[in-house]
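Sequence order for the protein chains is A, B, C and D.
Its first residue numbered 1, the first sequence is counted upward by one per residue in the numbering used here.
Its first residue numbered 1001, the second sequence is counted upward by one per residue in the numbering used here.
Its first residue numbered 2001, the third sequence is counted upward by one per residue in the numbering used here.
Its first residue numbered 3001, the fourth sequence is counted upward by one per residue in the numbering used here.
To start, the structure itself, in structure tokens.
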Amino acid sequence: MADIKAVEVSQKKNIRLNNTAVLFIILVVMFSVFSYVGRPFFFSKLNLIPMLNNLSFIGIVAAVLTMVMVSGEIDFSIGGNIGLTACLTALLLSRGLPGWLVVIIALAGGLAMGAFNGMLVTVVGVNSILATIGTMFIWRGIGYTLTNGESILAMNPVIDYIGRGFVFKVIPFPIVLLVVVFVITYVIMNLSKWGRSIYAIGANPLASYLSGINVKKIKFINFLLCGMTAALGGLILTSLSAVGMPQHGQGLELVIISAIILGGTMLGGGRGQILGTLAGVLILSVLYNFLTIMNIYYFYIQMVQGSVLILVVSAYEIRLAMAKRRI
Amino acid sequence: KKEAKPAEEAAKLEEELAEKEATAKELQAKLEEAEAEIAAEEAAGAYDYYYMLKEYAGKGEPYPDAPAADHTLAFTDIMGGIPFCINVWNSVQDQWKLAGGDPDKLYYADNQYDATIGLKNADIMLAKNPDALINFQFDSKVNSIISTKFGAAGIPIITVDVPCPGAPFMGCNNFKVSYMAGERAIEEVEKMGGIDKLDAIVLIQFPAGGEVLMLRSEGFYQAFVDKYGADVIDPITVRADGGAGEAEQANKAMTDILSKIPDAEYVAMTSINEETMSGCLAAIQTAGRWDPDKWFIITMGCDDVGKQQIRDGLIDGAVAFFPERYGEYLVPASIALMKGDVVPPFMYVENEIITKDNIDEWYPE
Amino acid sequence: MEKAVKKYSAFMNFLRTPILTLIGIYAVMLLLFSLSSENFLTIQNFKGIFNNFAVFGILSAGVTVVMIGGGFDLSIGSTAGLAGIVSAVLLMKNITVPTPWVFIIAIVIGCTVGFINGLIITKVGINPIITTLGMLAVIRGVCYFWADLNPRVYNVFVQNLGRIYIGNVFPITTAYIIVAFVILTLILKFTRFGRDLFTIGGNESLARLAGIHVDRIKIISYIISGFFCSIAGLLLISQLGSGRPEYGTGAELEVITIVVLGGVVVLGGRGNFLGVFIALVIIQTISNGMVLIDTPVFLRMVVKGALLVLVIAIDALRNRRRLQLY
Amino acid sequence: MVKNDDLILKMENITKTFPGVVALDNVSIDLYKGEVLGILGENGAGKSTLIKILAGNYIKDSGGIYVDGQKFEIKGPAEAMASGIRVIYQELNTLNNLTVTENMFVGEQIVKGPFKIVDWKAMTKRAEELLDTLNVKLDPNTIIGDLTVSEKQIVEIAKAISKEAKILVMDEPTAALSEEETQSLFRIIKTLKSKGVSIVYISHRLKEIFAITDRVTVLRDGKKVGTLKTKETDTNELVTMMVGRDIKDMYPKREVPIGDTVMKVKNLTAEGFDNVSFNLRKGEILGIFGLLGSGRTSLVKVLFGANKIKNGEITVNSKKVNVKSPAIARDEKIGLVPLDRKVEGLALIMGVKENITLANIKDLGKSFLIAKAHERKKVDKWVNEVGIKTPSVEQEVNSLSGGNQQKVVLAKWLESGSQIIILNEPTRGIDVGAKIEIYKLMQDLCEKGSSIIMVSSELPEIISIADRIIVMSKGRFTGEYLRKEASEEELLHVACL
Ligand SMILES: Nc1ncnc2c1ncn2[C@@H]1O[C@H](COP(=O)(O)OP(=O)(O)OP(=O)(O)O)[C@@H](O)[C@H]1O
Ligand SMILES: Nc1ncnc2c1ncn2[C@@H]1O[C@H](COP(=O)(O)OP(=O)(O)OP(=O)(O)O)[C@@H](O)[C@H]1O
Ligand SMILES: [Mg+2]
Ligand SMILES: [Mg+2]
């Protein structure tokens, strides 16, 4: 049969680089240039390890939020979640609860916040942008109310370890967490049945539903996971700063979403790569780190980051348009 | 004027008050202790090098022997771009030059009023391994972790305005300066005819900014309480959240506060900084309630905005923090620390109350 | 089959919007606050409430237009900030730019930003949320070029712009908002541009088929948003008496909250200014009322979020004709 | 070229390709002043594509368009409209949040005064007038989302005739209309014609073609077969031209032994239809015929669990089932090939592979993970068996031709092991070759013991392929025929009851 042959021809066009690969190439180029220009500070263990440490919680939340965004939804409440979790953690510790219990309660709190978002979106049917802008105010407001706006020291062996501990005495624990979360989300999104359903839902929720996929359930669980990882992010940030404060995580939603979009995830769902998100997080962090090393004022750093976002996404659009024309 | 609150509430208020008083007293005690310590060390001549450099700094002359040459200094700014911080940063840069420092070896990062960014910046500064760090960050508790890290790396820190464990403090004693402001306002109140005529005391605060910032207005209140008693002051005190030191939110908050005290004519007021006050002033004017003779306003800082407000007759005075002179303390102290010398644990700016009468002395136009 | 002609009035169609929910909420709020504080239901207080939403009101005018056309604008706060600081700098004592020129320059700034937004969104085809998110950062950075100038606004005309009360009662800023809302309502209802905007927001491909110049109209909608950012920027420096690079920070979230609360559909094609106006009053009344009845400061944030969630949830439930399946 | 005053429009050698399909191949038509030109052709022949090019909606690959003898480069819909070309599209396109009036004047509101103020009064009045001429009673202030399909279609017609046009194109305008409504439309066409408007009329209903057109152009597989004077031709000739081969080849029917009842539907009522009962037997192809809006889609959606049941019961293999969701339907081995495959059937930006396994993801591996080799093997099997032409199984289905897309949807249900397959307009928009393949596939399935429910509005197709045909009209069953008993006239008649 002629058709079979047609199948076998396959994949010649896939030699074309995908967006994620391009991002990593950009990252490598940036890295090399920065290492040279920012010598001797930029390319040093003393700089890069803390940089990774400091982006760990952003990366972790971004990875799971990527899952939410590929399924066509969004969660703006992550920053509020981080703030509330930080406050909760510090408060519970100050009441003398054991560290492990506090961690469990904090993660459960994250789950609860995720469940609330998920309910609003899947059961009530509210647009997730609006629902989570609303809950963002709620979470952060509760954080402020609980602590009366004050920061609370959060020192406890368990909590300390989450953000500042080392595995085998050398590898910072947050980096281990970051790697673990990225491996897990990569496996989920790229290798598992679950991830397949997520992509399908993002590509066409109606067709997925009409193919027997339980769209609501999957979206709901995505929100749950997102809530929980945001709480984990809150724990890491609490540990990194040794303080629980309601301001924690303020504005992080836009940083994280920018990184995800930079990584090639499309608003509206269906397209997106966990590794792209990793690249996006790294690019924004490396840019910040380098420009700060070069004594650039914060607002100009922000300008550069904003321009990079627009430029890279323009490039995606242009590539997509060119690919369409090529057919 | 407001009627007495129900007993329950009053009790709660009293409790809070006692707590606040305790905090204030504690602080005062610490302060006295520190002052004693400083005096002792001073007598022993331990701070001589710092004082010597500071003398040159104060005169604006190059420091002898260009002590900063070949050294590096890092400065993390609490919030780049606001007048107060611009003044501080400029003065640090000027002093660094006077000390013979290379501008390229003066590192800068902007903490953006954000603990997360502050931590990131601290780490980047750590990677640049400066000889000393001037840390200007908004949360004293977050500072403990920064202090630990720099301590481990053997890099001395000087902290600005917000305490940092184990690091010498430079800046203002928030409670003290706001107490000064309160005393000054009391003078005005007395001139006008005494406390009975005063309708309200308005404190524009930033609760989200933490305790240290709250002291910047609670001292004002305390001065009134000490003079007239809590039973007189409490019923007329209004606290409001004016936001993070930006005019916009303060303007809105003040509008609402004016509704809360619709009949108040004679009002004493302070706020966390002058940008905030400028928003409040605009609100008072817009509401048609502005009368320079009936509002007794003392602000904190006396930065460029504050000076203008004094000249414009909008405020009765400002407690000057002299941000443009912060560098005169910070750079000599940094250099002393770099050289392995010691500096006083508290370096307070000598605060002055600047009014329309004396502004031209301090800041000739 | 003979079918009776069903009569539909414009009014009935109007009731499909969340307007009733909003009015209900507002009534409850008025009741609660006036029972708990004698200072609430006073002219003095309402003067304040209305004057307080000047900037958000003006910004929401533009955002409503953009959102009806299916767009989004996150750059409003930064754009207002830019127009504000540049105007304030131009109004400084030692700079002699005539006031009308300052206004023109401010408006040109806003419209230019809007034009750039529109151009990127339509011609490059980037999602408006992403485009304006990027622009938010870029423009805020530009504002800081003038960070150390600290311009104060002494120009009496400019000061009065956002501060005076008509007949000593009615804030002139509210008059601007009403004028803007009425004019925009008329434009949306009675001009081709307005109708086309609804069409584009409702179904962009249909609009293209109908021969509507979709790109042009979208760009104009962003320019309108930019225009209102300019006005908001001028109001900011007028009301605050100074220019600062950070003015307008965070306005985007507040304004979007208001616009959505007012019943403008995020995906476009539906919305009206009456709803937005009521939402404005509601948001401002909440924060005012809560100050008057001594609510803990931070609870206000929770209440605002809860209100947003509540209203959009009610709207979602009301408009869900068939059970949502996925 | 010969100057001819009466020649309004000439489309010359138009070619247009889509990924995988040559939709138009050197097609030329011409249109004279005041005439009605019919365009005939099977589904997918390229009729809609041709007029979309004329309307500026698609850009042609090559060829020329001349209006009034002038070369006319159409860059977009606006230019086409400006030169007096108006189109009623086949796909209903309404703004469901807005009123009838607003929809009717989208992009071309009536304005007055120097400031071009939209004149709502005039528009409402004009809308009423137009609806009146079309003999419908509708309040122009109704929100259009509340209307039925046929009412929406009438609004679309009213919209197209609301403004003077030089060339009016109607792409299957009567698909959803009743006989009465169709007659009103014809009256209007005649009036317009007498005013000198030229009309392009596309329809599958030969009866209408004979009733209203002056000439008819026949397309087949994207090529023009010929143009005839309507008066000088007859049904047979046109059908032969359209099909291009013997009807027998076109609809290959095999007799498959029919077994026991596999699905039993009793007194089923839901949104869109009332009190419906029928049986489906093993190996059977049950056809459901009805006009647009007759309730067919609602019915199959209920059978598949995508719409809610109000009343009645469904039995599958003698077991009463409560099909609450498509997931349950799938587990009961029911599959649905939906009406609009791009919207309801396919994840367009995903590959052929992912789409084929879409309904059976749980079977992609024993663990949490996807066994890639296992998946690949399954997919390759279906690609071969169903005959999907694709450069690779990774290819985005977006770029496949309509027929191959449809085969992907079918393969999806085969992969999930469906025994009862519901096909809603299975051959809509696909070319003849692919059509025949689909018919063959359907019958292969029946031979293997599956049962099929086929919803179709194409009479020849349903009459030739279905073993038994149920006719629906206005949400009720109005007739049931065995294949041998059914005739096109009879079915159409019953469908209009
Ligand atoms: N946008 C598109 N993308 C890809 N292929 C298309 C597109 N539009 C049409 N086609 C293909 O072009 C061919 C002709 O389609 P067209 O819609 O013109 O047929 P038609 O004669 O109008 O059929 P029908 O009678 O079903 O309306 C079909 O094979 C169809 O699948
Ligand atoms: N959920 C619903 N709510 C209200 N009306 C509905 C609903 N579903 C269907 N209808 C109406 O019921 C009638 C039958 O609709 P249905 O879509 O089943 O027709 P159809 O014959 O399958 O049309 P087509 O083949 O074009 O899809 C239509 O008038 C439709 O508007
Ligand atoms: Mg005074
Ligand atoms: Mg067609």
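The C-beta atom is built at its ideal place from N, Cα and C for all residues, glycine as well.
Output the boundary residues of the alpha helix (DSSP H) element that contains residue 160 of chain A. 157-164
Inter-residue CB distance, residue 1072 of chain B and residue 1131 of chain B (contact presumed, cutoff 8 Å): 5 Å
Hey, is residue 3021 of chain D close to ligand 1, as in C-beta under 6 Å from one of its heavy atoms? yes
Could you check whether the stretch 32-48 of chain A touches the stretch 1118-1128 of chain B, counting it as contact only if at least three pairs of C-beta atoms, one from each stretch, sit closer than 8 Å? yes
Roughly how many angstroms separate the alpha carbons of residue 255 of chain A and residue 3460 of chain D, rounded to a whole number? 60 Å
Reduced DSSP secondary structure (H/G/I, E/B, other) of residue 3395 of chain D: coil
With a threshold of 7 Å between beta carbons, is residue 212 of chain A in contact with chain D? yes
Relative to the C-alpha of residue 1190 of chain B, which candidate in B:1163, B:1228 and B:1359 has its C-alpha closest? B:1228
On the criterion of 16 or more Cβ atoms from any shown chain inside 10 Å, does residue 3047 of chain D qualify as buried, or is it exposed? buried
Contact list for residue 319 of chain A against chain C, beta-carbon separation under 9 Å: Per Cβ cutoff of 9 Å: no residues; residue 319 of chain A is ~11 Å from chain C at best.
For a test of your reading of the model: does the CB of residue 3048 of chain D fall under 6 Å from any non-hydrogen atom of ligand 1? Yes or no. yes
With respect to 6 Å, is the separation between the Cβ of residue 3045 of chain D and the closest non-hydrogen atom of ligand 1 below this value? yes
Listed from N- to C-terminal order along the chain, which residues in the stretch 1223-1244 of chain B have their beta-carbon within a distance smaller than 8 Å of any beta-carbon of chain C? 1240 and 1241
Whether residue 338 of chain A touches residue 79 of chain A by CB criterion (7 Å): Summary: the structure shown does not reach residue 338 of chain A, with chain A confined to residues 1 through 327, and so no result is reported for it.
For the stretch 3006-3015 of chain D and the stretch 3049-3068 of chain D, state whether three or more C-beta atom pairs, one from each stretch, are separated by less than 8 Å. yes
Closest Cβ-Cβ distance between residue 3117 of chain D and chain C: below 7 Å? yes
Extent of the continuous alpha helix (DSSP H) run through residue 1205 of chain B: Per DSSP, residue 1205 of chain B belongs to no alpha helix (DSSP H); it is in the beta strand (DSSP E), 1200-1205.
Taking C-beta to C-beta, are residue 2197 of chain C and residue 3093 of chain D nearer than 7 Å? no
Would you list the one or two residues that DSSP bridges to residue 3482 of chain D? D:3468
What are the start and end residues of the beta strand (DSSP E) that includes residue 1352 of chain B? 1352-1354
Is the shortest distance between the beta-carbon of residue 2003 of chain C and the beta-carbons of chain D less than 7 Å? Because residue 2003 of chain C carries a pLDDT of 42, less than 50, the predicted location of this residue cannot be relied on, and no value is offered for it.
Measuring only the C-alpha atoms, how far is residue 2307 of chain C from residue 2265 of chain C? 17 Å
Every unbroken beta strand (DSSP E) inside the stretch 1280-1362 of chain B [3 residues or more]: 1295-1301, 1317-1320, 1346-1348 and 1352-1354
What do you reckon, are the CB atoms on residue 139 of chain A and residue 81 of chain A nearer than 7 Å? yes
When the cut-off is 7 Å and only beta carbons count, does residue 1221 of chain B lie next to chain A? no
Since residue 1275 of chain B and residue 1245 of chain B should fall inside the 8 Å C-beta cutoff, what is the C-beta to C-beta distance between them, to a whole number of angstroms? 6 Å
Straight-line CA distance for residue 1004 of chain B to residue 1256 of chain B? At residue 1004 of chain B the pLDDT is 48, less than 50, meaning the model places this residue with poor confidence; the figure from the coordinates comes in the next sentence. Cα to Cα, residue 1004 of chain B sits roughly 22 Å from residue 1256 of chain B.
Residue 3460 of chain D touches chain A at which residues, Cβ-Cβ below 8 Å? Per Cβ cutoff of 8 Å: no residues; residue 3460 of chain D is ~27 Å from chain A at best.
Taking a contact to mean a Cβ-Cβ separation below 7 Å, would you say residue 92 of chain A touches residue 102 of chain A in this structure? yes
Considering residue 1108 of chain B, what are the terminal residues of the beta strand (DSSP E) in which it resides? 1106-1110
List the endpoints of the continuous beta strand (DSSP E) containing residue 1135 of chain B. 1132-1135
With contact counted as at least three CB pairs below 8 Å, one residue from each stretch, are the stretch 242-258 of chain A and the stretch 3386-3402 of chain D in contact? no
Are the C-beta atoms of residue 302 of chain A and some chain C residue less than 7 Å apart? yes
I'd like to know if the stretch 2021-2034 of chain C and the stretch 2261-2278 of chain C are in contact, where contact means that at least 3 CB-CB pairs between them fall below 8 Å. yes
Since residue 83 of chain A and residue 228 of chain A are thought to touch, with beta carbons under 8 Å apart, how far apart are those beta carbons, to the nearest angstrom? Incorrect: roughly 16 Å between the Cβ atoms, too far for contact.
Let me check one thing: in DSSP terms, what residues is residue 2165 of chain C bridge-paired to? C:2171
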